[in-house]
Amino acid sequence: MRLNSKAIVLTLGALLCATASGSVAGHRSSPLYSTSSILSTNVVGSQQVQGIPSLEAILSLRGGAKKKKSRTSTLSKSSKTVTGKKKVGDKLKAEKKSTSGDLMQKYKDILPITRVYITMILVCTVLGLMLGEERAQAFFSLDPMRTLYGGELWRPLTAASYLGKPSIGWLMNAYYLYQYGSSLERAFGPAQHLIFLLSQLVILTMLSILFRLPVFGTSMITAMLHVLSRATPNQKVKWLIFTVPFWSLPLLSMVGDCLQAGNAAAALPHVLGILSGHYYHFHRFIWPKIGGQDWLVAPDFLIERMDPNAASKNAAKESVAKALKSRKRGKGKKLGR
66 MRLNSKAIVL TLGALLCATA SGSVAGHRSS PLYSTSSILS TNVVGSQQVQ GIPSLEAILS
126 LRGGAKKKKS RTSTLSKSSK TVTGKKKVGD KLKAEKKSTS GDLMQKYKDI LPITRVYITM
186 ILVCTVLGLM LGEERAQAFF SLDPMRTLYG GELWRPLTAA SYLGKPSIGW LMNAYYLYQY
246 GSSLERAFGP AQHLIFLLSQ LVILTMLSIL FRLPVFGTSM ITAMLHVLSR ATPNQKVKWL
306 IFTVPFWSLP LLSMVGDCLQ AGNAAAALPH VLGILSGHYY HFHRFIWPKI GGQDWLVAPD
366 FLIERMDPNA ASKNAAKESV AKALKSRKRG KGKKLGR
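Numbering of the sequence shown is given in my numbering, commencing with residue 66 and proceeding in unit increments.
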């Protein structure tokens, strides 16, 4: 009978294991007999019969090397390198999560009225990219006939929120709105800032119809810059890489847009924004000082609704002023009498 090579290897392994462990001390006289009996009874042809130990069992009895684990599987399961640091992929994922989390946190930290206006600008910009510039102009532009007779009442809002397709001018205007719009809302309060935006919306809608300007988002931001610059005209601010006084920032923004467009007509939105912003500044801060009435002040119910802390402070100031006015003054006495 021809023996299979695998059966021979298994048998020799079993003999070596038994010899090493001393388990064949009672059969020293006939080792060949035990070998032939194992071969004759356990091997038939090329099939392995139950009773012959497997290769893994022989190696475990002998104390040999076991089957190696796949190194790639262990490396794929581990999230760290040999030095104990995180993998590059995990680090990039963590950085992306932290960056998105920081952006969302900065967005939530923006004051409410400015955040709503920034959201409107972003929505109009995305829709403009999806529709194309011509369709976006037709859908967002200020058309008095469609607005009044067609019932398309959204047009003044979209005309005030559309800055065109993304460009350097778009980025500059968005930065001005984020930086100085938040500063203006912080100085005025949410209620008064809402009155400011509504007044600019009405004034610029009329001026845009008069001068046939389809959108006036740039004019709204220029009006913000002008009003805030009148409060602190000599404050140093950044324009591109230059440090300039605040009063010149609206004018320099106008110059930058004219240079980028290569046309002096790009100055018109900025001029209208400066005019409408100065109208608000005059009636809000100058006119009351010369005896006029401040009719652009936010009403009390809106202040209580949007800024209750400011309402309590104003009430405390009014009570102190009334107490000072109602206090009786004596004639007093001269010193030395």
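Ideal placement from N, C-alpha and C gives every residue a C-beta, glycine not left out. Source: prediction; values computed, not measured.
Compare the C-alpha of Ile286 against each of Tyr214, Phe204, Ser247, Phe366 and name the closest.
-> Closest option to Ile286, Cα to Cα, is Ser247.
Ignore the nearest five residues each way along the sequence and tell me which others in Tyr245's own chain have a CB closer than 8 Å to its CB.
-> Counting only Cβ-Cβ distances below 8 Å, and skipping sequence neighbours, we find Met289, Leu290, Leu293.
Inspect the beta-carbon positions of Leu242 and Ile178 and report whether they are closer than 9 Å.
-> Not in contact: Leu242 and Ile178 (Cβ atoms no closer than 9 Å).
Helix, strand or coil for Val362, going by three-state DSSP, please let me know.
-> Looking at Val362 - three-state DSSP - the assignment turns out to be coil, as it is neither helix nor strand.
Over what stretch of residues does the beta strand (DSSP E) that includes Trp304 continue unbroken?
-> That run of the beta strand (DSSP E) goes 301–304.
Closer than 8 Å by C-beta to Asp372: which residues in its own chain qualify, once you throw out the five before and the five after it? Chain order, please.
-> Within the same chain, Asp372 has close Cβ partners Gly254, Pro255, Ala256.
Does DSSP put Ser105 in a helix, a strand or coil?
-> Confidence at Ser105 is low in this model, with a pLDDT of 41, below 50, so its placement is unreliable and the value that follows should be read with caution. Ser105: helix per DSSP, three-state reduction.
Considering only the beta carbon of each residue, do His346 and Arg295 sit closer than 9 Å?
-> Yes; because the gap between Cβ atoms is below 9 Å, this pair is in contact.
Alpha carbon to alpha carbon, what distance is there between Leu305 and Gly357?
-> Near 40 Å, if we compare the C-alpha coordinates of Leu305 and Gly357.
Where Phe204 falls: helix, strand or coil (DSSP) | In the displayed model, Phe204 falls within a helix according to three-state DSSP.
Considering only C-alpha positions, which residue in the set Phe281, Leu196, Ile351, Asn328 is nearest to Ile339?
-> Nearest neighbour of Ile339 by Cα position, chosen from Phe281, Leu196, Ile351, Asn328, turns out to be Phe281.
Helix, strand or coil for Val280, going by three-state DSSP, please let me know.
-> Residue state, collapsed to three classes: coil.
Could you check which residue in Ser313, Ser318, Val302 has the C-alpha nearest to that of Ala332?
-> The option with the nearest alpha carbon to Ala332 is Ser318.
May I ask which residues mark the beginning and end of the alpha helix (DSSP H) holding Phe253?
-> Note, Phe253: alpha helix (DSSP H), 247–253.
Inter-residue spacing [alpha-carbon to alpha-carbon] between Trp219 and Glu369 | Taking the straight line joining both Cα atoms gives about 28 Å.
For Pro310, the three-state DSSP class (helix, strand or coil) | Strand.
Looking at the structure shown, is Asn238 part of a helix, part of a strand, or coil, going by DSSP?
-> Helix at Asn238.
Contact under 9 Å by Cβ, Leu266 with Leu222 | Yes. Within cutoff.
Compare the C-alpha of Asn238 against each of Gly216, Pro209, Thr190 and name the closest.
-> Among Gly216, Pro209, Thr190, the Cα nearest to that of Asn238 belongs to Thr190.
Those runs of the alpha helix (DSSP H) which lie wholly inside the segment 324–361 and span at least 4 residues = If you keep only unbroken alpha helix (DSSP H) runs of at least 4 residues inside the segment 324–361, you get 333–346.
Residue range of the alpha helix (DSSP H) that includes Gly229 = Here Gly229 belongs to no alpha helix (DSSP H), and DSSP marks it neither H nor E.
Which term fits Ala225, buried or exposed, when burial requires 16 or more other beta carbons within 10 angstroms of its beta carbon?
-> Buried, by the Cβ-count rule.
Would you give the residue range spanned by the alpha helix (DSSP H) that Ile183 belongs to?
-> If you look at Ile183, you'll find it in the alpha helix (DSSP H) that goes 177–196.
Would a C-beta distance cut-off of 9 Å place Leu361 and Ser284 closer than the cut-off?
-> No, the Cβ-Cβ distance between Leu361 and Ser284 is not below 9 Å.
In three-state terms, what does DSSP make of Gly116?
-> Any reading at Gly116 must be qualified, since the residue scores a pLDDT of 49, below 50, and its modelled position is unreliable; no value is offered.
Hey, how far is the Cα of Ala330 from the Cα of Asn374?
-> Rounded to the nearest angstrom, the two C-alpha atoms are 45 Å apart.
Taking the C-alpha atoms as reference points, what is the distance between Lys303 and Val309?
-> Between Lys303 and Val309, the C-alpha separation is close to 6 Å.
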